[in-house]
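The structure appears below as structure tokens.
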Amino acid sequence: MKENEIAALIDQYAFNADWTIVPGDSGMNNTTRMIKAGDERFVLRVYNNHRDSDIVALEHHVLSALNKQQPGFRVPVPVANRTGDTISRTYDGLLAAMCRYIPGERPSPERKEHILSLGAIAAKLSAALRDLTISQKPIYDPYYKLEETYSTLIHEELPGIMQSSEKFILQADKAAAIEDQLKILSGKMKGLWELPHQWIHGDLNFSNTVANGDDIIGVLDFEFCTVDVRAMELVVVLIDFFKGEDAVIWERIQLFCEGYGRFGKLAPVEVEALPLLIKLRALDVFLHFINRWKEGLDEAEIAAGFIDQTYRICEWVDRNEGQLLTLFRRELL
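Residues in the sequence shown are numbered from 0 upward in steps of one, following numbering that gives the first Met the number 0.
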């Protein structure tokens with residue numbers, strides 16, 4: 000996105016002082032810029048992955064309700080533009096929003112204190128979202144509706160797609176194992192409908208949180224907030240820990256669950272479902288990126304990386320399910 004287009008967006012807002020753009024990171028789905036105006040800082044976010052104002056409106060309703068709760072952690076505060084709306088648009092129709100900056104640093108999975116704190120914030124966030132009262136309906140489907148969301152891809156297109164690129168063919172055995180996992184998952188999906196449901200953030204991770212010292216003090220990016228199985232809030236975070244040596248994986252899962260268990264607990268039926276939910280999340284991410292490749296949004300190399308990742312996570316969970324459940328029961332019941 001050109002800087003003059005960014006400037007035109009920023010000019011849709013009234014500030015108490017002249018503004019400047021502060022260099023910073025930008026996300027995969029969005030273009031972001033930090034704005035400094037006098038002593039105040041703001042974050043401008045341009046949505047690159049959709050043009051649905053209902054999604055942004057729902058996100059802002061959730062943020063407003065959470066800010067009224069004063070949940071014990073910070074969430075973004077949307078800023079109204081000159082017309083009084085918290086949703087702005089570029090000349091070519093891209094959606095944008097501006098929020099007040101939450102000072103801090105990005106937490107790191109390399110710091111044990113941050114893993115423990117992310118678990119704690121996940122429990123606090125889940126409790127706050129459980130009490131959420133908003134009239135808006137969720138836009139995104141629960142993860143367990145994966146077969147409906149990707150019906151044609153799963154039942155018609157996937158085998159052919161896996162033969163359409165050399166990078167996919169090189170991982171044919173792993174792709175076949177993933178297709179088997181999807182078939183197994185299909186027979187177990189109805190049982191997930193009966194688990195406790197509530198609003199969840201849906202994309203909680205280190206990148207979407209803010210730390211101050213050892214503590215995570217803020218949660219960002221509520222774009223994918225929806226009503227789903229409550230335990231999926233933990234699962235979305237847990238997926239990021241299945242990297243590296245086994246000892247590192249176990250330590251990170253233990254720390255996160257320990258942090259969560261200090262401020263929240265799950266029902267026994269939820270704990271028993273966690274291994275299945277982890278595989279569901281991994282398979283959903285896999286199908287998302289295969290679909291992006293099909294639509295020409297990503298290179299085959301990126302999608303192929305998710306074949307390896309999904310196979311690795313599902314295989315690891317199947318191999319360690321008993322030990323995983325022992326850990327989950329100890330920390331989360």
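Beta carbons are placed, not taken as given, at the ideal position from N, Cα and C, and that holds for glycine. Small disclaimer: the values here were computed from a predicted structure and weren't measured.
#1: Under three-state DSSP, which class holds ASP227?
#2: For GLY217, which three-state DSSP category applies?
#3: At the level of alpha carbons, what is the spacing between GLU2 and GLN68?
#4: What do you reckon, is the C-beta of LEU282 under 7 Å from a heavy atom of the ligand ATP?
#5: Cβ atoms of VAL226 and PHE216: under 8 Å apart, would you say?
#6: How big is the Cα-Cα spacing for ASN138 and LEU65?
#7: My output table needs one value for HIS59: the three-state DSSP class, helix, strand or coil.
#8: Rounded to a whole number of angstroms, what is the C-alpha to C-alpha distance between PHE41 and HIS59?
#9: In angstroms with no decimal places, state the Cα-to-Cα distance between ASP317 and PRO274.
#10: When we look at the beta-carbon of THR85 and count the other beta-carbons within 10 Å, is it buried (16 or more) or exposed?
#11: With 16 as the cutoff for other CB atoms within 10 Å, does SER125 come out buried or exposed?
#12: Beta-carbon separation of PRO158 and VAL228 under 8 Å?
#13: Can you give me the C-alpha to C-alpha distance between THR82 and LEU43, rounded to a whole angstrom?
#14: Looking only at its own chain, which residues have a Cβ that is under 6 Å from the Cβ of PHE14, when we skip the five neighbours before and after it?
#15: According to DSSP, LEU98 sits in a beta bridge with which residue or residues?
#16: Can you pull the DSSP bridge partners for GLN11?
#17: Mapping DSSP to helix, strand and coil, what is THR89?
#18: When you compare the CB positions of GLU271 and PRO195, do they come within less than 8 Å of one another, or not?
#19: Mind checking who ILE199 pairs with in its DSSP beta bridge?
Quick answer:
#1: strand
#2: strand
#3: 37 Å
#4: No copy of the ligand ATP appears in this structure; indeed no ligand is present at all.
#5: It should be pointed out that residue 216 corresponds to Ile in this sequence rather than to Phe. No; because the gap between Cβ atoms is not below 8 Å, this pair is not in contact.
#6: The residue asked about is misnamed: residue 138 is Ile in this sequence, not Asn. Near 18 Å, if we compare the C-alpha coordinates of LEU65 and ILE138.
#7: helix
#8: Rounded to the nearest angstrom, the two C-alpha atoms are 16 Å apart.
#9: 8 Å
#10: buried
#11: buried
#12: no
#13: 17 Å
#14: Only residues of its own chain outside the window of five on either side were considered, and among them ALA36 have a CB closer than 6 Å to the CB of PHE14, listed in chain order.
#15: The sequence shown places Cys at residue 98, rather than the Leu named in the question. Answer by DSSP bridge pairing, in chain order: VAL42, PRO77.
#16: Answer by DSSP bridge pairing: none, since GLN11 is not bridged.
#17: coil
#18: No.
#19: THR225
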